[in-house]
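Those sequence lines, one after another, are chains A and B. Using the UniProt record's numbering, you'd call the opening residue of the first sequence number 1 and step up by one each time. Using the UniProt record's numbering, you'd call the opening residue of the second sequence number 1 and step up by one each time. Using N, Cα and C, we set each Cβ at its ideal position, and we do this for glycine too.
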Amino acid sequence: MVVRPYNDELKYLEKISDHCWRIKKGFQPNMNVEGCFYVNSRLERLMLEELKNSCRPGAVGGFLPGVKQIANVAALPGIVGRSIGLPDIHSGYGFAIGNMAAFDMDDPLSVVSPGGVGFDINCGVRLLRTNLYERDVQPVKEQLAQSLFDHIPVGVGSKGIIPMNARDLEEALEMGMDWSLREGYVWAEDKEHCEEYGRMLNADPAKVSMRAKKRGLPQLGTLGAGNHYAEIQVVDEIYDKWSASKMGIEEKGQVVVMIHSGSRGFGHQVATDALVQMEKAMKRDKIETNDRQLACARINSVEGQDYLKAMAAAANFAWVNRSSMTFLTRQAFAKMFNTTPDDLDMHVIYDVSHNIAKVENHIVDGKERKLLVHRKGSTRAFPPHHPLIPVDYQLTGQPVLVGGTMGTCSYVLTGTEQGMQETFGSTCHGAGRALSRAKSRRNIDYKEVLEKLDQIGIAIRVASPKLVMEEAPESYKDVTDVVDTCHAAGISKKCIKMRPIAVIKG
Amino acid sequence: MEVEFSKDNFLLPDIKYEYLDHTADVQLHGWGHSLKEAFEQCGVAMFGYMTELEYVSVEQCYEIEAHGDDLEGLLFHFLDELLFLFSVEPFLVCKKLEITKFDLETFTIVCRCYGEPFELGKHPQGTEVKAITYSAMQIVQKPEDANYEVFVIIDI
């Protein structure tokens, strides 16, 4: 890493609009394209502070600030356009979390990087609507939270309750949500409201190690731990009434359920296996990167292709996982209200993937090109009329689900034409960490967090007490700042705001 | 593979590990009088993050084997094997690790892992470890001071 005094570093950064900064070539060595990041004034301060801290003389350790990571990604072979940081960006493994980058599929040198997808492949958010209102749920809120907690396995060491053997797993990996549909866990309409219809067709379970399958099998249908959650939320604000009505959201007070989870140990192992393989491929093909953690392989190499096929299987695993929890959520609600999920109108509004790489067509320099788009901690946000979004949302643009943190609000945005042009149809994914986990545990009091949640009327069920501090809202950037920045920059548009009334966490 | 062991004269090692700060993840720091000990401590540290080890009793012993291309790779795969032992049958949480073969020519480790299967209700749920990383991995060897330290960032 190039270490310069902070003021010299700033010469490479230029504010090009109220909400966007440009990272010039030379900020890191060998940059093929420029970088950029989206921030408002508050997020800008966090971003620059992080850079400043890393410029201190004698600083050691592997901690690279987000801006530097964006620039390192800009130095990868085959990258086109810009390496883009979204407002919720924070330092991650190789790629920052909240970084997107697109690589030209027709350039033989272009790479695919598991670090650009993340360990939790196809981690994402699903939103279910109901026809219930806050007044229906408030009196039974605690029971409902408990019931969800009892239905959905959460936290370290929990095991799935959907019956599953090794052969079922193979089929699920290949079929994604088609498997869930065949087994009767989801409704046919659910698939329509999912990216890729809940199934990546290039998935090949044969490219997945036995280790990953073994880790995945007991964990299918579990929520996980860390920042994953299931929340009962209430519509708090509607910014775009027409688009909201297309999603079945009619007025304030309507109850929805948000599920945030991914591909569990299965995806983690697929990523780990690929990183080991790619280290070897990099040596063989002499691919130079600025950071050892940016392990990658040429898209057309055996390792690159194998990873994409295994990643697709992990993506399918994640969809089956979220679908299984959709089933359990519907059961919990139906039991509580003594009716059926159908009568509660519990449709999937949408399901987004915010850790994934996909082949997409984009216009670059006036020409249509086939790109491999990496989104790590970044959500696809396609504009109205895009062929890859479902019929129901052709006129509104793709719904983008942005989850907050325990106790803060969440948002639904829609994709815009400007986002398509500026960020390859990508936007933010959540709040983004501001404090380290250890710092949160030291500075935040367990009881205070719970009391605060209680005061604002949020029921909480959490498997691990220390997670309460780690995941407290104070540990994160303000999700409203993040979303407002995306809205003001025009890369997506605010549609609905929700606030939680019950949280279930690992 | 499960192996026999005797509870007679079974001693638990001292704690020679800690958890260091990192933005989204956590850094394990293990140390000891030999590299072998530092590796063992680092492994136990990982289990200590997943649950509280005082609730774990030693009932079973499993033997694992790990290989690497270099020393860093060996540490990586050693921890990855331990994570695997926890993630699948027997779902073992370990309170003590005993490396019985520590071969730095072929980069091979054979280790006896003492603990019991993770059980909800008995063992508090800590944080889930997603993966081991090479990120900022450091292996410090100071034979002259009989001091060895390892630093590993785990993705959580």
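The DSSP assignment places complete alpha helix (DSSP H) segments of no fewer than 4 residues inside the region 271-352 of chain A at 302-336, in order along the chain. When DSSP states are grouped into helix, strand and coil, Arg380 (chain A) belongs to the strand group.
Residue environment for Phe151 (chain B): buried (at least 16 other C-beta atoms within 10 angstroms of its C-beta). Taking 8 Å as the upper bound on Cβ-Cβ separation, chain A lies near residues Leu120, His123, Pro124, Gln125, Gly126, Thr127, Glu128, Lys130, Ala131, Ile132, Thr133, Tyr134 and Ser135 of the region 120-135 of chain B. Put simply, the CB of Tyr19 (chain B) is near chain A, with a gap under 8 Å to one of its CB atoms. Comparing C-alpha distances from Asp80 (chain B) to each of A:Val270, A:Cys55 and A:Val125 shows the shortest one belongs to A:Val270.
Using a Cβ-Cβ cut-off of 8 Å, Val150 (chain B) does not count as an interface residue toward chain A, since no Cβ of chain A sits closer than that to its own.
Taking each of A:Met406, A:Gly35, A:Asn316 and A:Ile389 in turn and checking the Cα distance to Leu173 (chain A), the smallest one comes out for A:Asn316. When beta bridges are read from the DSSP output, Leu83 (chain B) appears opposite no residue.
Uninterrupted alpha helix (DSSP H) stretches at least 4 residues long and entirely within the region 84-146 of chain A occur at 134-137, given in chain order.
Two segments are said to touch when three or more pairs of C-beta atoms, one from each, lie closer than 8 Å; by this definition the region 124-137 of chain A touches the region 251-269 of chain A. Three or more beta-carbon pairs separated by less than 8 Å are not found between the region 332-343 of chain A and the region 109-116 of chain A, which leaves the two stretches without contact. DSSP places Cys42 (chain B) inside the alpha helix (DSSP H), whose first and last residues are Leu35 to Met50.
Annotation: the continuous beta strand (DSSP E) that includes Trp31 (chain B) extends over Val26 to Gly32. Rounded to the nearest angstrom, the Cβ distance from Glu59 (chain B) to Glu116 (chain B) is 4 Å, consistent with a contact under 8 Å. Of the residues assessed, Thr106 (chain B) falls on the exposed side of the cut-off, its CB having fewer than 16 other CB atoms within 10 angstroms. For Ile156 (chain B), the chain A residues whose C-beta falls within less than 7 Å of its own C-beta are Gly226, listed in chain order. Counting only unbroken stretches of 4 or more residues, the alpha helix (DSSP H) elements lying wholly within the region 217-255 of chain A are 241-246, in sequence order. Only those residues of the region 185-207 of chain A whose C-beta falls short of 7 Å from the nearest C-beta of chain B would be listed, and there are none. Runs of alpha helix (DSSP H) with 4 or more residues, each lying fully within the region 12-61 of chain A, are found at 41-54, listed in chain order.
Residue-level contact by beta carbon fails for Met46 (chain B) and chain A, as no gap is shorter than 8 Å. For the region 457-474 of chain A, the set of positions with a beta-carbon nearer than 8 Å to some beta-carbon of chain B reads Ala463, Ser464, Pro465, Lys466, Leu467 and Glu470 in chain order. As DSSP reads the structure, Asn361 (chain A) sits in a beta bridge with A:Lys370.
Of all residues in the region 26-60 of chain B, only Val26, Gln27, Met50 and Thr51 come within less than 9 Å of chain A when Cβ atoms are compared, listed by chain position. Residue-level contact by beta carbon fails for Asp70 (chain B) and chain A, as no gap is shorter than 8 Å. Put simply, the backbone Cα of Asn72 (chain A) is about 12 Å away from that of Gly85 (chain A). For Ser180 (chain A), the uninterrupted alpha helix (DSSP H) run begins and ends at Met177 to Arg182, by DSSP. Contact annotation for Arg292 (chain A) against chain B: Tyr134 [CB-CB distance below 7 Å, chain order]. If you draw a straight line from the Cα of Ala310 (chain A) to the Cα of Lys452 (chain A), it comes to about 43 Å.
Ser87 (chain B) reaches chain A at Arg215 and Gly265, counting residues in chain order whose Cβ is nearer than 7 Å.
The CB of Ala271 (chain A) comes closer than 7 Å to the CB of Ala131 in chain B, given here in chain order.
8 Å or more divides the Cβ of Pro87 (chain A) from the Cβ of Cys495 (chain A). Glu116 (chain B): member of the beta strand (DSSP E) spanning Thr108 to Pro117, first to last residue. Of the candidates A:Met47, A:Leu109 and A:Ile97, A:Leu109 places its Cα closest to the Cα of Pro77 (chain A). Rounded to whole angstroms, the gap between the alpha carbons of Met177 (chain A) and Leu51 (chain A) is 42 Å. The shortest C-alpha to C-alpha distance from Lys447 (chain A) to any of A:Gly430, A:Leu435 and A:Met469 is the one to A:Met469.
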